[in-house]
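Okay, structure first, notes after.
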DNA sequence: CCCCAAGGTTCAGTGAACGAACTGAATAGG
DNA sequence: CCTATTCAGTTCGTTCACTGAACCTTGGGG
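Chains as they are written, first to last, in this note's numbering: chain A, 1 to 166; chain B, 1001 to 1166.
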């Protein structure tokens, strides 16, 4: 049960296709997700994603080339362009929560209001779209399996984009 | 310049990973996008996406199995679960429009207000999240290349989810 | 000076995507 | 009624990306 993705969609003139050429390859959106969660180091992505080193290396390079990540010393940090993908990552998470998961795994809380964002992506208190830096992740009951240091660090509530300490 | 995707993320316990197991394979989100645009027939997807027939067949089957599409005669139609992916598809489109494209290719207009939705995904007039069935697609200058019948049909303004006539 | 860890690169094997050719059912025409 | 043409797939050989293991390189620390 393994799948494979090609990387370009040359004959499509559509913004969705352009977007998928950048973030549509296998693993890429999970790397971006981890970056939102505060993962920044090669070895942390590696242990948290269970991804082949060669693939991680290639994906990080292509994300830097595309301008979604910035390499700051040994750290890979989301640029504004990368942070603008939050609506997509969050949309996928909320869609899966409502259609594929039996119990909630992660809840995103608008720090200013203390309220978890709704299924439509807005804060129920202030009725606005909340940028990732104003959100805190809390884990729900559906999240119990992994035991690597990164997964453990991600279990305690923390603000998005804030680097994790392992 | 071709890429490959595997299809599962077995060791990830995360809603984003679950979502990508369903819609993360190559071509899948473009098929869903076309379904929003009103494409319903095997041969219409085929000609519009330039996808190998075998891959299209496999993807459509797996989308039906996952409950995103319903097979109605020869037509593949989005279910509610599939329509709930609009925020993701639209998010990718808007992200690419603002970061990857020089000119807008498609604009989504809230029919009730007559206003194009903003970069944050809300209608500027009513400040709300608009469901796809209340949106109309208009094409911009960035969209000129393809000449197959489906691309031509999609060029005239039309309501999302409404079947195209070729 | 040696050892270790972090951050990669290289390489053989496997599996998915690709594209062309083929099948089979359902109309359409004569 | 027989044939031609779609439409909707399946089959199959080739190509290409992912996978996992081994190897390499750089930078400290003891």
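C-beta atoms are modelled at their ideal positions from N, C-alpha and C, and glycine is treated no differently.
A Cβ-Cβ separation of about 17 Å leaves residue 1137(B) out of contact with residue 1122(B) under the 8 Å criterion. Judged by their CB atoms, residue 64(A) and residue 164(A) are not nearer to each other than the 8 Å cut-off. A Cβ-Cβ separation of about 17 Å leaves residue 91(A) out of contact with residue 35(A) under the 8 Å criterion. Residue-level contact check: residue 88(A) touches chain B, since one or more beta carbons of chain B fall below 8 Å from its beta carbon. From the listed residues 133(A), 149(A), 80(A), the smallest Cα separation to residue 45(A) is found for 149(A). Boundaries of the beta strand (DSSP E) harbouring residue 136(A): 135-139, taken from the DSSP string. Scanning its chain for C-beta atoms nearer than 8 Å, with the 5 sequence neighbours on each side dropped, one finds around residue 1049(B) the residues 1027, 1030, 1031, 1034, 1056, in chain order.
Note on geometry: alpha-carbon atoms of residue 1077(B) and residue 17(A) lie some 21 Å from one another. In this structure, the alpha-carbon of residue 1130(B) lies about 21 Å from that of residue 14(A). CA-to-CA, the gap between residue 141(A) and residue 1086(B) works out to about 27 Å.
Taken through DSSP and simplified to helix, strand or coil, residue 29(A) comes out as helix. Nearest to residue 112(A) by alpha-carbon distance, out of 166(A), 126(A), 69(A), 118(A), is 126(A). Taking all protein chains in view, the Cβ of residue 12(A) is crowded by 16 or more other Cβ atoms within 10 Å, so the residue is classified as buried.
In the structure shown, residue 1148(B) falls within a coil segment according to DSSP collapsed to helix, strand and coil.
Residue 97(A) has a beta carbon lying within less than 8 Å of a beta carbon in chain B.
The beta-bridge partner set that DSSP reports for residue 107(A) consists of 138(A). Following the DSSP letters along the chain, one finds residue 1078(B) inside the beta strand (DSSP E) bounded by residues 1075-1078. Pairing residue 145(A) with residue 105(A), the inter-Cα distance amounts to about 11 Å. Assigned with DSSP and collapsed to three states, residue 155(A) falls in helix. Annotation for residue 161(A): no alpha helix (DSSP H) segment contains it, and DSSP assigns it neither H nor E. Per DSSP, the continuous beta strand (DSSP E) segment holding residue 1072(B) begins and ends at 1069-1072.
Between residue 1058(B) and residue 1068(B), the alpha-carbon positions lie close to 14 Å from each other.
Within its own chain, the residues whose Cβ lies closer than 6 Å to the Cβ of residue 1008(B), once the five positions on either side in sequence are excluded, are 1021, listed in chain order.
Listed along the chain, the chain B residues whose CB falls inside 8 Å of the CB of residue 83(A) amount to none; the nearest CB is some 11 Å away. Residue environment for residue 1094(B): buried (at least 16 other C-beta atoms within 10 angstroms of its C-beta).
A residue is called buried once 16 or more other Cβ atoms fall within 10 Å of its Cβ, and residue 1119(B), having fewer, is exposed.
The beta carbon of residue 47(A) lies closer than 6 Å to those of 148, 150 in the same chain, with the five residues before and after it left out. In summary, the residues of the stretch 1029-1044 of chain B whose CB is separated from some CB of chain A by less than 7 Å are 1029, 1030, 1033, in the order they occur in the chain. Taking C-beta atoms as the reference points, residue 1084(B) and residue 1110(B) fail to come closer than 8 Å.
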